[in-house]
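Line by line, the protein sequences give chains A and B.
Note that the first sequence covers residues 35 to 495 in the numbering used here.
Note that the second sequence covers residues 324 to 480 in the numbering used here.
The beta carbon of each residue, even a glycine, is placed where N, CA and C say it ideally should be.
Since the model is a prediction, treat every value here as computed from it, not as a measurement.
Written out below as C-alpha cells is the structure these notes cover.
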Amino acid sequence: MSSINALHQLPPGITSALDLINDFDQCFLAGFANLEQQQQTLTILQQIFQGTPLQKSLSDACTAIQANEFLERHFAVLAVVRAGLHGSIFDTLQQQANDLLARNESPQMIMGDRSESVPQHLSVWLESVRHWLMEIALVGYARLESTTLVPFLATLEQIQGEPLLIRQSAILTGFFNELMSRVPISDTNAIPLYRWVDLWTQSMIISLKPIILPQPQTVSGTLEILGMDLRHHANLVSFTVYGLFNGNAETRLVRVTQSAYRVDAIANEQIWLLFPEATSLLEAYAKNQTLHVSDLELLPTGDLIWREVGITIGKKYDLLNLAGEFFGENPTRKFVPTLIAPGDRHPIQLAEPIFLANYQIVDIGDQLSLKLGEVDNLAITTDRISPLSELDTQAITNSSQIFGLLRFDGGSWVLQPLTVRVKSKLIFTGQDAAKIRKSPPKNSVVETLQERASRLLRQKS
Amino acid sequence: MSKSSFAGGDRQPLSNKRNVKQVPFVELFNGRLQGVVSSGSDIERVYVSFFEAKTLDFCCSTNNNRPCGGLGSSPCKHLQNLLGEAIAAYGSDQVVNYLKVPGDISQILTAHDILQRIGNQKRAPASEVFSRFLNYLRYVELGTSYYPLPEMSWFIG
C-alpha cells in the first residue's frame, strides 16, 4: 500500500463535479417553478452532457421547464443526470482507492434480470411517487409545507405493505419523516440541501420502474464475519455484515443485509428482537465462529441472501488477523470484491474494507484522526456509527487495530471503524445482539406493541 | 454549502424511558403533539389525545369519539401522560419548540410549565389520530427483508 496521504489529493474533476452538483441543488431550494439565476446551471449541465445519450432528453427537459411545462418525465431526466454525475464520481474514487490499496479493478458485473413479471399496481404506485417528487421539486425546499407532503401518506402506506417495494419504502419513509419534522422551514440556511436532493434523486431513480433483482447463483461454503454496519431511521432498522465467503475454490468479500420495520419506541438494544431470522448469524458473529452455509443465493454484487436453513456453526477464527491477511498493508491473500450496481453508484456507497495497525489516534477538536508514522493521517468518521453501536469514540481512541471501511463523505475520504481491538478485547457493532435475542427483557417494548397490534389490527378487520 | 450526505439528517433521540404500556403511541406530526393513551381500567379501551401547536388547544376522547370524562377546562390525566411521554421520547426542548409554546422558552422546562400555558378544549374526530396509531402498530407486523437496501446508507440513526 502506498502512503495513505495520497487520499487527500482527489483525482482531477471530483471537486468541480461536486461543486456543479451543489449549484444544481440550488434549483431544488428555490423550486423549479421559481427559477431565476439558477437557470444558468441548467445551461451548464446541458453543455456537459453534450454527446452523451442524455443530451436530447436533458435539453428537452430544460426547454420545457424554462417554458413552465412541468412533466414528470423531465424531472426523471434531471434525477438521472444528477445520479450520472455521482456515478462518475463514484467510479473515479473507487479507482483511486483500488490504486492506493493495490487492489484489482472491480470486475464487470453481469446483471441478468430474473424473469419475473411485476404486478401492475406497483407501477401505479411508483407513478404517484414520481408525481409527488415532482411537486416537491417545483415548490422547492425553501417554501415546502406539509400540505405538499401529507397527501402522499396514502401512497406511502401502500408501498410499505408491499415487500417488492422495500427499497422505495425504506428511503421514502425516512425522507417523508425527515421533511415532516422540518417543514415549514424558517431558516433556509439550515436546510440540508445536498442530503435532501440526494434523497430526492435516489427516490426518483428507484421509482422509474420496479426493481427486479439480478439472477443469483446458488452457493455453499463458509462465512466468517468481520464487521457490521448498522443503519436506521424511525421506522426501519437495517444491518449489513461484511464477511469472507469461501466456496467454489475462491474467497469473496460478501455482504449480508437484513432489515426490519420498527417504530421509534423501539430505540435501544431491543431492535435485535426484530430479527428472528438472524439468530445463528448473530450468535456466530458475536463469538467469531465460522458459519457453514448451504444453498444460499448470491447476487452478482456479492450480496448473500441469508436464510436460517441448513446453517451450522463451526470453529472460532481470529477476526482481526483474518482481516489483516486480506485488507492489511501487505495483504497475503486475495479476495473477490463486492460491487455496487451501476444504478446505485453514489459516493455514499463507497465501502472499501481496510485493516490498520501501528497507528495513533489523535483528537483534534472533536475530530478523531488516525496517524500512521510521521506524516500519514486519515480522518475517522463517527457520523456513520449508529448510536446503538457498541463502538464508541473511547474504544476507537484506545484501540490498537481497526477493521473498517474506507468511506467518502463531505468531499474527502474517511475511515468508518467496524471492529477494533482494545488491549486483548475486540469491540464491534452488533456484538451484543445475540445476547439480547437469547434472553430478551421481560415486557419488552417489542412484545407490548406486538400484543397491541394483534389485538387492535385483528379487531379492525 | 455542506457536501456531506449526513449534515442535518435526523438523529433520532434514543429513549429508554418510554412507557408503551401506558402510552403506546406518541408523535409530533402535522402541527400536533398527538397520541394514544391506555385506559387505566379497561384494556380494550384507549384514549386519543392531542395538543395543537401554537394555540395549545387540546382534545381527548375515546377512539369511538366519546368525550373523555376527565376533561374540563384543564387537560385530563391522559393528556398529562401524553405530554410526559412526549418529553421522554423527544426531550422537552423539541416538544416546546414543536408546540411553539408562547413565552420565554428558557423558562419552559417541564410538562408543568407547558400545562400552565394551555389553550382551550377542542372537539375533533378521533379517527385521524387513531388511524395513525393503527399504522404505527402495523410497522411491528410488517415482514423482514433479506435483500440489499443501499438506500439505508443515508440513514444512520
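Q. Considering only C-alpha positions, which residue in the set A:L206, A:N211, A:N223, A:K243 is nearest to A:S237?
A. A:L206
**Q.** Contact set between the segment 442-474 of chain B and chain A, restricted to residues whose Cβ is under 7 Å from the partner
**A.** L457, N458, Y459, L460, R461, Y462, V463, E464, L465, G466, T467, S468, Y469, Y470, P471, L472, P473, E474
**Q.** Chain-ordered neighbours of B:A412 on chain A, where CB pairs are closer than 9 Å
**A.** D298, A299, A301
Q: Run down chain B in chain order and give the residues with a C-beta less than 9 Å from the C-beta of A:T482.
A: V343, K344, P347
Q: Give the straight-line distance between the Cα atoms of A:L167 and A:S36, rounded to the nearest whole angstrom.
A: 44 Å
Q: Just grab the DSSP bridge partners of A:G281 for me.
A: A:E284
**Q.** Best match in A:S478, A:F361, A:K469 for proximity to A:L439 [C-alpha to C-alpha]
**A.** A:F361
**Q.** For B:V463 and A:N269, the rounded distance between their alpha carbons
**A.** 9 Å
Q. What is the DSSP secondary structure of B:C399, reduced to helix, strand or coil?
A. coil
Q: Look at A:P226 and B:G331 and say whether their C-beta atoms are less than 8 Å apart.
A: yes
Q: Tell me whether A:S495 is buried or exposed, calling it buried when 16 or more other Cβ atoms sit within 10 Å of its Cβ.
A: Low confidence applies to A:S495: its pLDDT is 47, below 50, so where it sits in the model is not reliable enough to give any reading.
Q: Please list the partners that B:N387 has in chain A, where partner means a Cβ-to-Cβ separation under 9 Å.
A: Correct list: empty, because the minimum Cβ distance to chain A is about 12 Å.
(Q) Give me the chain B residues within the contact set of A:Y340, using Cβ-Cβ distance strictly less than 8 Å, ordered along the chain. (A) Just to set this straight, residue 340 of chain A is Trp in the shown sequence, not Tyr. Residues of chain B passing the Cβ test: Y469.
Q.
By DSSP's criteria, A:W447 is part of a beta bridge. Which residues make up the other side?
A. A:F442
Q: Please report the Cβ distance between B:F373 and B:L394, rounded to the nearest whole angstrom; I am assuming they are in contact, meaning their Cβ atoms lie under 8 Å.
A: Contact flag wrong, Cβ pair sits at about 12 Å.
Q: Sort B:Y470, B:E474, B:I479 by Cα distance to A:I246 and report the nearest one.
A: B:Y470
Q. For B:I437, is the classification buried or exposed, using 16 other Cβ atoms within 10 angstroms of its Cβ as the cut-off for buried?
A. buried
Q) In chain B, which residues lie with their C-beta within 8 Å of the C-beta of A:P197? A) G466, S468
Q) To the nearest whole angstrom, what separates the beta carbons of B:R446 and A:V479, a pair I think is in contact under 8 Å? A) With a Cβ gap of about 32 Å, B:R446 and A:V479 do not count as contacting.
Q: Could you please tell me which residues of the segment 235-267 of chain A, in chain order, have their CB closer than 9 Å to any CB of chain B?
A: Q236, S237, I240, L247, D263, L264, R265, H266, H267
Q) Where does B:S384 land, buried or exposed, given buried means 16+ other C-beta within 10 angstroms? A) buried
Q: Measuring only between beta-carbons, confirm whether A:I345 sits less than 8 Å from chain B.
A: no
(Q) Relative to the C-alpha of A:I219, which candidate in A:V173, A:D443, A:Q249, A:I305 has its C-alpha closest? (A) A:V173
Q) So A:L119 packs on A:I55, CB below 8 Å; how close in whole Å? A) 6 Å
Q.
In chain order, what are the residue ranges of uninterrupted alpha helix (DSSP H) at least 4 long that sit wholly in the segment 49-100 of chain A?
A. 73-82, 89-100
Q: Please determine if the segment 246-266 of chain A and the segment 117-133 of chain A are in contact, where contact requires at least 3 C-beta pairs separated by less than 8 Å.
A: no
Q: Check the DSSP bridge columns for A:Q394 and list the partner residues they point to.
A: A:K405
Q. Shorter than 8 Å from the beta carbon of A:S122 to some beta carbon of chain B?
A. no
Q. When we look at the beta-carbon of A:S473 and count the other beta-carbons within 10 Å, is it buried (16 or more) or exposed?
A. exposed
**Q.** Cβ neighbours of A:V152 in the same chain (closer than 6 Å, five flanking residues each side left out)
**A.** P244
Q: Quick one: residues in its chain with C-beta nearer than 7 Å to the C-beta of A:K349, no 5 flanking neighbours on either side, listed in chain order?
A: Q323, T324
Q) What residues from chain B crowd round A:F496, counting only those whose CB sits closer than 9 Å? A) For chain A, the structure presents residues 35 to 495; residue 496 of chain A sits outside this window and is missing.
Q: May I have the straight-line CA-CA distance separating A:Q142 from A:Q84, to the nearest angstrom?
A: 26 Å
Q | Buried or exposed (CB count within 10 angstroms, at least 16 for buried), A:T366 | A | exposed
Q. Residues of chain B with a CB under 8 Å from the CB of A:M214: which are they?
A. F352, N353
Q) Secondary structure at A:V370, three-state DSSP: helix, strand or coil? A) strand
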